[in-house]
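Comments concern the structure below.
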């Protein structure tokens, strides 16, 4: 949904505004949630979205995003009984325990 002038606001999470429809549903309102100085950007939140969605939907990515995620598959660990999977994680490459583990 594009709303004239509102679509010019940049994204920030958290934003410096609150947005919503008026009670009659005929007007969209953006209110400052904190003082905004002349020349300062007005930010809306597009939501806690991962960079993949921000890039494909809005054409930008954030340097640091708490909403990013990655799917990692560990089929070998899933197939092992739990004690074997844990044992493999705590031993060093040569098969011995580290000094901090003893």
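Residue numbers (this note's numbering): 5 to 106. Ideal placement from N, C-alpha and C gives every residue a C-beta, glycine not left out. Note that the coordinates shown come from a computational prediction; the quantities given were computed from them, not determined experimentally.
Residue interval of the alpha helix (DSSP H) (run including residue i)
i, result
"residue 62", "55-62"
C-alpha distance - residue i paired with residue j, whole-angstrom precision
i, j, result
"residue 52", "residue 29", "25 Å"
"residue 49", "residue 17", "5 Å"
"residue 70", "residue 27", "33 Å"
"residue 24", "residue 66", "24 Å"
Residues sharing a beta bridge with residue i, DSSP
i, result
"residue 36", "21"
"residue 47", "14"
Residue i and residue j closer than 9 Å at C-beta
i, j, result
"residue 8", "residue 47", "no"
"residue 73", "residue 54", "yes"
Option in the options with minimal Cα separation from residue i
i, options, result
"residue 36", "42, 77 and 22", "22"
"residue 11", "62, 77 and 68", "62"
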